[in-house]
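Chemist: I'd like to ask some things about the structure below.
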């Protein structure tokens, strides 16, 4: 049985989850450390989320590029957005600015990839074995 995963939609979802984590969690859930939960500004968790977004994004965009549209635009937008996502890890005082730039760019790259795939009459749902 083959499991179909829409990697672009998964990439969009991971970007949104990252934005929620970085933007809303510190505001809405400031009591988490009282319960021993520390995913707010936890470097390991944040790097893991970044790695997940990078892996999903690269796989999705690579597949769309190689098999369907041969356009560099989604990769370029994704890499620029990803650079801002990494920069937020090093410049904590500017993290919300970098995040507000990174997430829309990464999500846009996935939407452009979906649009280019549909334009070329393909599906961005890829088989995962």
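Residue numbers (the working numbering): 36 to 164.
Glycine included, each C-beta is placed from N, C-alpha and C at the ideal position.
(1) DSSP three-state label for residue 37, please.
(2) Measure the C-alpha to C-alpha separation of residue 161 and residue 39 and round it to an integer number of angstroms.
(3) With distances taken Cα to Cα, identify the nearest neighbour of residue 106 among 135, 127, 79, 155.
(4) With a CB to CB cut of under 7 Å and the five nearest residues on each side skipped, what residues in its chain are close to residue 81?
(5) Give a yes or no on whether the C-beta atoms belonging to residue 78 and residue 50 are separated by under 8 Å.
(6) Here's the rule: buried if 16 or more other CB atoms are within 10 angstroms of the residue's CB, otherwise exposed. What is residue 145?
Modeler: Walking through what the data contain:
(1) coil
(2) In this prediction, residue 161 scores a pLDDT of 48, lower than 50, which makes its location untrustworthy; the coordinate-derived value is nonetheless stated afterwards. Spanning the two alpha carbons is a distance of roughly 6 Å.
(3) 155
(4) 124
(5) no
(6) buried
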